[in-house]
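Numbering (UniProt numbering), first residue to last: 1 to 83.
Each residue gets a CB set at the ideal place from its N, CA and C atoms; glycine is no exception.
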Amino acid sequence: MNERVEPILEPKNTSSASSPHDRPSRKNTKHVGGYFSPEVSKQLRQIALDENSSVQVLLAEAIDMLFHSRHKPTITQKSVKEI
1 MNERVEPILE
11 PKNTSSASSP
21 HDRPSRKNTK
31 HVGGYFSPEV
41 SKQLRQIALD
51 ENSSVQVLLA
61 EAIDMLFHSR
71 HKPTITQKSV
81 KEI
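Here it is in C-alpha coordinates:
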(Lines of atoms letter the chains of each structure in order from A and count residues from 1; the text may use other names and numbers.)
(Lines give C-alpha, C1' and ligand atoms only; values in the text may rest on other atoms or scores of the structure.)
Protein backbone atom coordinates (compact mmCIF):
# COMPACT_ATOMS: atom_id res chain seq x y z
CA MET A 1 0.00 0.00 0.00
CA ASN A 2 2.93 2.34 -0.49
CA GLU A 3 1.93 3.24 -4.02
CA ARG A 4 2.82 6.72 -5.13
CA VAL A 5 -0.09 8.83 -6.33
CA GLU A 6 0.68 11.16 -9.23
CA PRO A 7 -1.12 14.50 -9.46
CA ILE A 8 -3.87 14.63 -12.03
CA LEU A 9 -3.72 18.37 -12.71
CA GLU A 10 -0.75 20.31 -13.95
CA PRO A 11 0.28 23.29 -11.81
CA LYS A 12 -1.14 26.56 -13.04
CA ASN A 13 1.15 29.01 -14.77
CA THR A 14 1.77 31.73 -12.18
CA SER A 15 3.21 34.35 -14.52
CA SER A 16 1.49 37.71 -14.11
CA ALA A 17 1.03 38.09 -17.87
CA SER A 18 -1.50 35.27 -17.97
CA SER A 19 -3.27 36.08 -14.71
CA PRO A 20 -7.00 36.78 -15.05
CA HIS A 21 -6.48 39.50 -12.43
CA ASP A 22 -3.85 41.35 -14.46
CA ARG A 23 -4.79 45.00 -14.95
CA PRO A 24 -2.65 46.70 -17.62
CA SER A 25 -4.05 50.10 -16.61
CA ARG A 26 -2.52 49.64 -13.16
CA LYS A 27 0.97 49.01 -14.47
CA ASN A 28 3.53 51.35 -12.87
CA THR A 29 1.02 52.49 -10.26
CA LYS A 30 0.81 51.96 -6.50
CA HIS A 31 -2.31 51.67 -4.35
CA VAL A 32 -2.73 54.41 -1.75
CA GLY A 33 -5.59 54.02 0.69
CA GLY A 34 -6.92 54.41 4.19
CA TYR A 35 -9.66 53.25 6.52
CA PHE A 36 -12.55 55.62 7.15
CA SER A 37 -16.06 55.42 8.57
CA PRO A 38 -18.89 54.15 6.38
CA GLU A 39 -20.29 57.70 6.35
CA VAL A 40 -17.12 59.00 4.70
CA SER A 41 -17.31 56.28 2.07
CA LYS A 42 -20.98 56.95 1.37
CA GLN A 43 -20.48 60.70 1.09
CA LEU A 44 -17.51 60.30 -1.23
CA ARG A 45 -19.44 57.91 -3.48
CA GLN A 46 -22.43 60.30 -3.48
CA ILE A 47 -20.24 63.23 -4.59
CA ALA A 48 -18.80 61.07 -7.37
CA LEU A 49 -22.33 60.15 -8.46
CA ASP A 50 -23.56 63.76 -8.30
CA GLU A 51 -20.62 64.93 -10.41
CA ASN A 52 -20.73 62.00 -12.84
CA SER A 53 -17.19 61.20 -11.76
CA SER A 54 -15.42 58.47 -9.82
CA VAL A 55 -13.98 58.11 -6.35
CA GLN A 56 -10.57 57.67 -8.01
CA VAL A 57 -10.82 61.08 -9.69
CA LEU A 58 -12.06 62.76 -6.50
CA LEU A 59 -9.22 61.30 -4.45
CA ALA A 60 -6.70 62.42 -7.08
CA GLU A 61 -8.14 65.94 -6.86
CA ALA A 62 -7.87 65.89 -3.06
CA ILE A 63 -4.29 64.60 -3.18
CA ASP A 64 -3.35 67.32 -5.68
CA MET A 65 -4.88 69.94 -3.37
CA LEU A 66 -2.80 68.55 -0.48
CA PHE A 67 0.38 68.64 -2.57
CA HIS A 68 -0.39 72.19 -3.72
CA SER A 69 -0.96 73.37 -0.13
CA ARG A 70 2.42 71.90 0.83
CA HIS A 71 4.16 73.52 -2.17
CA LYS A 72 4.84 70.15 -3.79
CA PRO A 73 4.43 69.35 -7.49
CA THR A 74 0.95 68.11 -8.35
CA ILE A 75 1.59 64.76 -9.93
CA THR A 76 -1.64 62.76 -9.67
CA GLN A 77 -3.51 64.30 -12.59
CA LYS A 78 -1.21 62.56 -15.05
CA SER A 79 -1.71 59.15 -13.46
CA VAL A 80 -5.51 59.54 -13.22
CA LYS A 81 -5.82 60.37 -16.92
CA GLU A 82 -3.86 57.23 -17.77
CA ILE A 83 -6.08 54.96 -15.67
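- Coarse secondary structure for I63, derived from DSSP in three states: By 1-based counting over the sequence shown, the position of residue 63 is 63. Three-state DSSP puts I63 in a helix.
- Message: If contacts are defined as beta-carbon pairs under 8 Å, then L44 and L58 qualify, I think. What distance do you get, rounded to the angstrom?
- Response: Counting from one through the sequence shown, the residue named residue 44 turns up at place 44. Counting from one through the sequence shown, the residue named residue 58 turns up at place 58. Between L58 and L44 the Cβ distance is about 6 Å, and since that is below 8 Å, they are a contact.
- Item | Contact check, A48 vs V55, beta carbons under 8 Å | Your numbering for residue 48 matches position 48 in the sequence shown. Your numbering for residue 55 matches position 55 in the sequence shown. Yes.
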